[in-house]
């Protein structure tokens with residue numbers, strides 16, 4: 003295997019748009035075959051972003067996204083392609099089948115979203131064990147043993163049930179793809195392997211990556227050891243710091259203001275001093291500001307500044323934190339001030355469609371015509387108070403796509419005669435707090451067609467994202483490794499472009515302190 007090379011890219015330095023894209027041009031000239039160049043990442047979103055950038059190159063004219071499907075993809079996708087024979091990934095229906103086979107799987111009941119993220123106690127434990135390349139017993143000895151009531155005896159009992167189910171139904175889990183590749187696959191004949199966000203790789207993935215690169219002439223890691231925050235899943239921060247010593251660095255930042263850049267450097271400096279890996283990482287020309295909030299309740303100058311920016315600019319805002327219940331505090335804040343919000347990666351707390359119904363209904367009742375699409379949206383919320391009996395399930399698929407007035411629908415006997423302009427009084431029942439929140443949003447004059455500008459999520463979820471402003475909750479509820487805390491805090495603040503706010507810790511522990 004060729005020697006591994008590391009390109010260090012601090013936050014916002016353009017690892018994809020600058021290094022990977024430019025390197026790809028160089029590699030095409032050198033090896034003259036894009037099919038022998040493999041770029042792997044950890045998420046489909048990141049892989050698609052890289053694909054989109056690569057396909058903009060003049061040298062890739064005529065090449066389709068489909069053609070790059072197995073050349074620029076996730077590590078799991080690549081390993082599955084090379085080492086499986088038609089198996090499908092375990093899904094929520096499989097989980098329900100396992101619950102029927104043995105009630106022990108029902109002990110921790112999860113939603114589809116939770117299962118998809120492998121938050122079920124058994125699957126979470128097994129995923130972590132394979133990430134560290136440990137046996138089940140070895141991982142149990144080293145883990146925090148918080149797996150929703152499952153003991154190691156339970157897990158060892160459940161494991162053969164899952165294995166037998168997978169074998170009979172041609173199923174496998176994500177970690178099985180990596181394991182199968184390591185054990186069964188032939189080392190691919192390629193020229194180059196580039197790994198994006200390499201520091202997110204766990205121990206087992208690193209073994210697989212080394213195998214993929216066995217015959218490669220060039221083997222590149224692109225990432226930032228200072229953003230190694232998935233240690234709980236098997237990523238080894240110390241290893242990535244050692245691998246990156248003396249590595250080349252992308253120096254010019256294109257995201258963080260001078261204030262955020264200086265703050266992040268101050269946060270991460272103890273780690274730089276320990277490993278001797280100081281970075282240049284230059285800020286943008288924007289100065290930026292750092293504000294302090296005692297909490298999300300107290301009215302103060304910093305709070306007024308934050309609310310003014312949210313309500314009177316088009317900038318984006320990220321509220322991020324270490325863990326629960328900080329998320330509940332954030333949501334309460336949004337609702338109190340009538341701020342539209344969404345969890346990162348999810349839909350808005352109140353969909354635009356629902357807000358639009360509340361906004362447009364009064365004028366519709368007064369005779370203003372609306373589109374057929376809006377009529378359909380009304381129908382998904384309004385109830386029997388105004389809908390004629392038997393018309394509630396109407397899909398309007400046979401209707402002409404044009405505007406309609408309320409009189410049109412009354413004449414066609416779809417709606418009852420009504421003068422009620424308050425949509426909350428004609429819609430299907432919903433809780434009072436939701437109605438109050440919707441009314442606050444509409445009073446604030448929200449953009450019914452624009453994107454949600456205010457989002458929230460824990461620090462692990464927001465890694466890799468960019469927002470104009472970032473609000474970081476310093477609350478920490480339990481003891482935690484100091485360096486791990488510093489990397490989390492570094493990742494949190496470095497999401498921001500302009501200004502940042504710090505919310506004081508609401509517990510005896512503070513993020514970033516010993």
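Numbering (the numbering used here), first residue to last: 3 to 516. Glycine residues also receive a C-beta, built at the ideal position from the N, C-alpha and C atoms. Everything numeric in this text was worked out from a predicted model, so none of it was measured.
Distance CB(residue i)-CB(residue j) smaller than 8 angstroms
| i | j | result |
| --- | --- | --- |
| residue 319 | residue 456 | yes |
| residue 502 | residue 492 | no |
| residue 19 | residue 55 | yes |
| residue 236 | residue 500 | no |
| residue 466 | residue 487 | no |
| residue 93 | residue 39 | no |
| residue 252 | residue 9 | yes |
| residue 239 | residue 480 | no |
| residue 322 | residue 454 | no |
| residue 293 | residue 304 | yes |
| residue 439 | residue 329 | no |
| residue 45 | residue 76 | yes |
| residue 476 | residue 505 | yes |
| residue 340 | residue 442 | yes |
| residue 14 | residue 468 | yes |
| residue 245 | residue 214 | no |
| residue 284 | residue 325 | no |
| residue 164 | residue 100 | yes |
| residue 179 | residue 256 | no |
| residue 398 | residue 377 | yes |
| residue 522 | residue 427 | In this structure the chain extends from 3 to 516, so residue 522 is not present and cannot be described. |
heavy atom of the ligand MN below 7 angstroms from residue i C-beta
| i | result |
| --- | --- |
| residue 62 | Among the ligands in the structure shown, none appear at all, so the ligand MN cannot be discussed. |
Extent of the continuous beta strand (DSSP E) run through residue i
| i | result |
| --- | --- |
| residue 1 | There is no way to answer for residue 1, as the model of the chain reaches only from 3 to 516. |
| residue 43 | 39-43 |
| residue 8 | 6-10 |
| residue 292 | 292-295 |
Residue i (DSSP reduced to helix, strand or coil)
| i | result |
| --- | --- |
| residue 302 | coil |
| residue 60 | helix |
| residue 503 | strand |
| residue 443 | helix |
| residue 111 | coil |
| residue 74 | strand |
| residue 2 | Lying outside 3 to 516, the shown extent of the chain, residue 2 is not represented and no answer is given. |
| residue 405 | coil |
| residue 28 | helix |
| residue 288 | coil |
| residue 237 | strand |
| residue 91 | strand |
| residue 480 | coil |
| residue 548 | No answer is possible for residue 548: the residues shown for the chain start at 3 and end at 516. |
| residue 511 | strand |
| residue 251 | strand |
| residue 464 | helix |
| residue 224 | strand |
Residue range of the alpha helix (DSSP H) that includes residue i
| i | result |
| --- | --- |
| residue 273 | 260-277 |
| residue 448 | Per DSSP, residue 448 belongs to no alpha helix (DSSP H) and is neither H nor E. |
| residue 460 | Residue 460 -> not in any alpha helix (DSSP H); beta strand (DSSP E) instead, spanning 456-460. |
| residue 492 | 484-495 |
| residue 128 | 123-133 |
| residue 138 | 138-144 |
Chain D within 8 angstroms of residue i, Cβ atoms only
| i | result |
| --- | --- |
| residue 312 | Given the protein chain composition of this structure (a single chain), no chain D is represented. |
Whole runs of the beta strand (DSSP E) within the stretch 312-388, excluding any shorter than 3 residues
319-323
Would you mind listing the alpha helix (DSSP H) stretches within the stretch 154-221 that are 4+ residues and don't spill past its ends, in chain order?
154-171, 176-186, 205-214
State whether the stretch 78-91 contacts the stretch 172-180, with contact taken as three or more CB pairs (one from each stretch) at a distance under 8 angstroms.
yes
Any contact of the stretch 150-159 with the stretch 180-199, i.e. 3+ C-beta pairs under 8 angstroms?
no
Does the count of Cβ pairs from the stretch 215-224 and the stretch 256-273 closer than 8 angstroms reach three?
no
Taking 8 angstroms as the threshold, find out whether the stretch 433-440 comes into contact with the stretch 364-384 through three or more Cβ pairs.
no
Taking 8 angstroms as the cut-off, does the stretch 197-208 touch the stretch 107-118 (at least 3 CB pairs, one atom from each stretch)?
no
Just checking, does the stretch 378-397 make contact with the stretch 414-427 on the three C-beta pairs under 8 angstroms criterion?
yes
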